[in-house]
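Asks: So the protein lines, in turn, are chains R and L. For what it's worth, numbering that gives the first Met the number 0 labels the leading residue of the first sequence as 0, then goes sequentially. For what it's worth, numbering that gives the first Met the number 0 labels the leading residue of the second sequence as 0, then goes sequentially.
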Amino acid sequence: MTTLDQLLPGQRAEIIRIDGFDAVASRLREMGFVPGQPIEFLRKAPLGDPLKCSVQGTRIAVRSGEARRVCIEIR
Amino acid sequence: MASAIPPPAISAVAPALGSRAKTYRVALVGNPNTGKSTLFNALAGMNVRTGNYPGVTIEKKIGRCRFGDVSIDLVDLPGTYSLAPRSPDELVAVEVLTGGVSGETPVDAIVVVVNATILQRNLFLLSQVLELGKPTILALNMVDAAGARGISIDVNQLSRNLGIPVVATTASKRAGVVQLEEAIVELIENSHLRDEHDQAAQAHEDRPLPEGFYRTCEWLRTELISKACVDVANPKTNRGTTDAMPDEYLIQRIVLDRGGEAERRAVRRLGAAVLPPINAARAQLSQEFGDSVEMECSARYAWARRKLAGVLASESNANRTWTDRLDAVLTNRVFGMFFFVALMFLIFQFIYSWASIPMDLIDGATGFATEFVESMMAPGMLRSLITDGVIAGVGGVLIFLPQIALLFFFLAVLEDCGYMARAAFLVDRLMTIFGLSGKSFLPLMSSFACAVPGVMATRVIENRRDRIATIMVAPLMSCSARLPVYLLLIAAFFPATTYLGGWLSLPAMVLMGMYTVGIVSAIPVAWILKKTLLRGEVAPFVLELPEYKVPSGRVIFQRVWEASEAFVIRAGTLIFAASIVIWFAGYWPGDHTRQFALQSSMESLDQEAPQRSALSAEYKAQSAALLEGSLLGRIGKVIEPVVRPLGWDWKIGVGAVASFPAREVIIATLGTIYSLGGDVDESDEGLVGAMRDATWPDGRPVYGPAVALSLMVFFALCAQCVSTLLVIKRETNSWLWPVISFTYMTVMAYVGALVTFQIASRIL
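(1) L:V549 by DSSP, collapsed to three states: which one?
(2) With the cut-off set at 8 Å, would you say L:V25 and L:V128 are in Cβ contact?
(3) For L:R593 versus L:L604, is the C-beta spacing smaller than 8 Å?
(4) Closer than 9 Å, Cβ to Cβ, to anything on chain R: give me those residues from the region 321-332 of chain L, in chain order.
(5) For L:L325, which residues in the same chain have their Cβ closer than 7 Å to its Cβ, ignoring the five residues on either side in sequence?
(6) If we define contact as Cβ-Cβ less than 8 Å, is L:D290 a contact residue for chain R?
(7) Would you list, in chain order, the members of the region 33-56 of chain R that have their beta-carbon closer than 7 Å to a beta-carbon of chain L?
(8) Does L:V55 come out as helix, strand or coil in the three-state DSSP assignment?
(9) How is L:E681 classed by DSSP in three states: helix, strand or coil?
(10) Roughly how many angstroms lie between the CA atoms of L:V396 and L:I574, to the nearest whole one?
(11) Starting from R:E13, follow its DSSP beta bridges and name the residues at the other end.
(12) Just curious, the beta strand (DSSP E) that R:S53 is in, first and last residue?
(13) Can you list, in chain order, the residues of its chain whose CB lies under 6 Å from that of L:R464, leaving out five sequence neighbours each side?
(14) Do the CB positions of L:I634 and L:V412 come within less than 8 Å of each other?
(15) Note down the Cα distance separating L:S297 from L:A167, rounded to an integer number of angstroms.
(16) From what residue to what residue does the alpha helix (DSSP H) around L:S36 run?
(17) Nearest chain R C-beta to L:Y749 closer than 8 Å, yes or no?
(18) Is any heavy atom in the ligand SAH found nearer than 7 Å to the beta carbon of L:A138?
(19) Straight-line CA distance for L:R304 to L:N160?
(20) Enumerate in chain order the residues of its own chain whose CB-to-CB distance from L:N51 is below 7 Å, with the five nearest sequence positions on each side excluded.
(21) Going by DSSP, name the residue or residues bridged to L:D75.
(22) Could you pull the DSSP bridge partners for L:S313 from this structure?
(23) Quick check: the region 614-624 of chain L against the region 398-416 of chain L, are there 3 or more CB pairs under 8 Å?
(24) Quick check on the DSSP output: the beta strand (DSSP E) that includes L:N114 runs from which residue to which?
(25) What is the DSSP secondary structure of L:I117, counted as helix, strand or coil?
(26) Which one of L:L725, L:E293, L:E287, L:E663 has the shortest CA to CA distance from L:I568?
(27) Taking just the CA atoms, how far does L:G98 sit from L:I432?
(28) So that I know if they touch, is there some Cβ in chain L lying closer than 8 Å to that of R:V61?
(29) For L:V706, which residues of its own chain have a beta-carbon under 6 Å away from its beta-carbon, when the five flanking residues on both sides are left out?
(30) Counting contacts by CB-CB distance shorter than 8 Å, is L:Y418 in contact with chain R?
(31) Please report how far the alpha carbon of L:K636 lies from the alpha carbon of L:V653, in whole angstroms.
(32) Can you confirm whether the region 476-483 of chain L touches the region 505-524 of chain L when touching is taken to mean that 3 or more C-beta pairs between the two stretches lie within less than 8 Å?
(33) Indicate the three-state DSSP secondary structure (helix, strand or coil) for L:G453 in the structure shown.
(34) In angstroms with no decimal places, state the Cα-to-Cα distance between L:E684 and L:V472.
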């Protein structure tokens, strides 16, 4: 399964599911990472982590560990 | 203000005076970056009181205002993405809304503030708020920004779809604020006309989650009541099951949030007997709908899409806004980092150089006040109390204000323009070394100037465990009060030898070493705290990067004002009290008659009078003797065996004890103790000389590089700053954390100084 951290800057995808049911997963869901939503990978931070992406019309930074929870399908 | 309120038909119906005199409570809820604080300021103005809710770290902020002739207490809650409580703090935020916080009046209405540019995401929180069944208004904020992006919103249609009043606002330009006030008044007054049945019926209309879920919650509620009855015999929960019983909303949360705070508290209050029915309810739900968390989020977003049908019209799909273009530069690998470092450098340069002007003024004013009192009163205990206790105490509080005000000014600007989130994004990786997140960077950086504003700045960290870990290590960053101590000892015991052709000098290396000692020791401290006292799930780092905008002067002013007020009133009083206590310990016991007599005759003499120097010498000797005999001096002597392994004599011990209120006090104390008077500073030749000449009874010199290093390491690591400890108490709302800070830092300082001395005295 492809995950958010594997995308290249500028690449778009659709969210398939979020792995896990802990605080991290809940926070991601509350912030709009829900199945069916389009997502765009924007850039990495200068030190390689976190990653910046665009979902539900906002820019959100997530660490790569969290991005691995976001399963996607590249469009 | 709002004289435009339509004379409500209610005023005739409502019981004439009774309801008029009442103050209503209205809560403001919203996601971060919705302009909620700006709206709060626009509604409440300057009449804001702050405090803490009992037992938690979240700030209680209440603005008292009058909308027309109705008086309102406006309660501001911290920005949140969801009302699913995962910690006691988040639970309190929910309970402020449901009315479950003891001693707090329940709210009469809720205003949900949303960012019009990202409406769908924001409606997630609204869907949870509506479940509370309270009269609710939607404040559609930042409509101007939405308009600029080509998003048009049909406000009336949205209001019809949601079944609640919707008011379009642009808080930064104070647009729509009066309409919002009117809508709040109307809602409150109407809600008294509608009976509860109507409200309940409306709340049940098109609920976001499947009906089966609500039925399961109802079932669990009856189960919990019956299970809880078993425990009524238990005196611990005997305060009545109605108190301990979770309300309807918390029952929903118990079912939905596995391992959430609602569940934890139900178990705590009602006993483990509630677990089987809770698990049964969850099992039934997952059988019907799959996983509950997934189900809730999908259902709420589906609800949001439903409610937005026919509401949103987006002209262009302008994906790349100027925020994205600015981000491309400001988070660029090379330029972004360079800009960040340059900006931080500039800010701290400003804080250092600008704050010194008002700080010198405060210093001057303290000196002037002291002189004034001395010219009005004869020497005596009362005068000593006023000058050395009261005036020094007030001055000791006010001296922090310029740094606090300046730091909060810069923090507010960075936060409000949107750069703060980028700064956290840039340095997050670096901060993971400490087990912290990017949001801890600025508070820690600020602590190099002074830990007091640094600790206060941790409010930007919303995760409680990260925030407390940051507060715990902030005082390890070498603040400006340690600098005089370092400078004195380095100047006295480390010659200005240079290496590498003048590029490296010994004093500079020692100074840098002291800063490094603090930073490096913060790493294991933070790590251990996160493994023990602050153990728990790793805090999610999911950070919204908001649109850049021009910061609002009002918001900035309000932030600076609040921080200054909170410091002076709530930490300042404690700091003041502490300085009186320390004055007393240095004054009592002892017969000060001779000292006062010397002081009187000195003051009656001319500056140039020849007898003056003899009197002055006797006076200084008297002061040294009195300090030695005082409570403080006795403590210093008692602890001498303890500080001997650090290479210290009892005089240094007294200095260390006396500098408990503030590290820099050690210089004045050493000055007094070496009979030089208390007004020496770090560049005082006499003090440097006295220290070099000081000997043990057997004639060996007390000081040397090893003792100087051990003393510096002690000051780098110790918690000798009563202001910091009391600000920690105020910010964590508990005495536990200042006690832990003091204990761990003192132990670490002692061990650090011991190891330093034992090693250094053998190799130097």
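C-beta atoms are modelled at their ideal positions from N, C-alpha and C, and glycine is treated no differently.
Replies: Answer, in terms of the structure:
(1) Taking the second sequence and counting its residues from 1, one reaches residue 549 of chain L at position 550. Looking at L:V549 - three-state DSSP - the assignment turns out to be coil, as it is neither helix nor strand.
(2) Residue numbering aside, residue 25 of chain L sits at position 26 when the second sequence is read from its first letter. Residue numbering aside, residue 128 of chain L sits at position 129 when the second sequence is read from its first letter. No, the pair does not count as a contact, with Cβ atoms beyond the cut-off.
(3) Counted from its first residue, the second sequence places residue 593 of chain L at position 594. Counted from its first residue, the second sequence places residue 604 of chain L at position 605. No, the Cβ-Cβ distance between L:R593 and L:L604 is not below 8 Å.
(4) T322, D323, D326, A327, T330, N331, R332
(5) Looking up residue 325 of chain L in the second sequence gives position 326. Excluding positions up to five away in sequence, the list reads Y547.
(6) Against the second sequence, residue 290 of chain L aligns to sequence position 291. Interface residue, yes.
(7) V33, P34, R42, A44, P45, L46, G47, D48, P49, K51, Q55, G56
(8) The count along the second sequence starts at 1 and reaches residue 55 of chain L at position 56. Here L:V55 sits in coil by DSSP.
(9) Residue numbering aside, residue 681 of chain L sits at position 682 when the second sequence is read from its first letter. Coil, per DSSP.
(10) Walking along the second sequence from the start, residue 396 of chain L turns up at place 397. Walking along the second sequence from the start, residue 574 of chain L turns up at place 575. Approximately 7 Å between the Cα atoms of the pair.
(11) Residue mapping note: residue 13 of chain R aligns to position 14 of the first sequence, counting from 1. Note: R:E13 sits in a beta bridge opposite R:P37, R:E72.
(12) Here residue 53 of chain R refers to the residue found at position 54 of the first sequence. That run of the beta strand (DSSP E) goes 50-54.
(13) Looking up residue 464 of chain L in the second sequence gives position 465. Cβ within range, chain order: L533, G535.
(14) Here the question's residue 634 of chain L lines up with position 635 in the second sequence. Here the question's residue 412 of chain L lines up with position 413 in the second sequence. No.
(15) Walking along the second sequence from the start, residue 297 of chain L turns up at place 298. Walking along the second sequence from the start, residue 167 of chain L turns up at place 168. Those two C-alpha atoms are separated by around 27 Å.
(16) Sequence index remark: in the second sequence, residue 36 of chain L carries index 37 (1-based). Where L:S36 is concerned, the enclosing alpha helix (DSSP H) stretches over 35-43.
(17) Within the second sequence, numbered from 1, the residue matching residue 749 of chain L stands at position 750. By this cut-off, L:Y749 is not an interface position.
(18) Among the components of this structure there are no ligands whatsoever, and the ligand SAH is therefore not found.
(19) Locating residue 304 of chain L in the second sequence gives position 305, where the first residue counts as 1. Locating residue 160 of chain L in the second sequence gives position 161, where the first residue counts as 1. If you take the alpha carbons of L:R304 and L:N160, they lie about 11 Å apart.
(20) Along the second sequence, read from residue 1 onward, the residue named residue 51 of chain L stands at position 52. Closer than 7 Å at the Cβ level, and outside the excluded window around L:N51, lie E58, K59, N732.
(21) Translated into the one-based positions of the second sequence, residue 75 of chain L becomes position 76. Per DSSP, L:L27, L:K60.
(22) Residue 313 of chain L sits at position 314 when you count from the first residue of the second sequence. Bridge partners of L:S313: L:I150.
(23) no
(24) Here residue 114 of chain L corresponds to residue number 115 of the second sequence, with the count starting at 1. L:N114 -> beta strand (DSSP E) spans 108-114.
(25) On the second sequence, position 118 is the one that residue 117 of chain L refers to. Helix.
(26) On the second sequence, position 569 is the one that residue 568 of chain L refers to. It is L:L725.
(27) Within the second sequence, the letter at position 433 stands for residue 432 of chain L. Within the second sequence, the letter at position 99 stands for residue 98 of chain L. Each residue's alpha carbon lies about 41 Å from the other.
(28) If you number the first sequence from 1, residue 61 of chain R lands on position 62. With 8 Å as the cut-off, R:V61 counts as an interface residue toward chain L.
(29) Position 707 of the second sequence, counted from the first residue, corresponds to residue 706 of chain L. Correct list, in chain order: G646.
(30) Within the second sequence, the letter at position 419 stands for residue 418 of chain L. It does not; no Cβ of chain R falls within 8 Å.
(31) As a working note, residue 636 of chain L is residue 637 in the second sequence. As a working note, residue 653 of chain L is residue 654 in the second sequence. Straight-line Cα distance between these residues: approximately 7 Å.
(32) yes
(33) Walking along the second sequence from the start, residue 453 of chain L turns up at place 454. In the structure shown, L:G453 sits in a helix (DSSP, three-state: H, G or I).
(34) Looking up residue 684 of chain L in the second sequence gives position 685. Looking up residue 472 of chain L in the second sequence gives position 473. Distance between the alpha carbons of L:E684 and L:V472: 35 Å.
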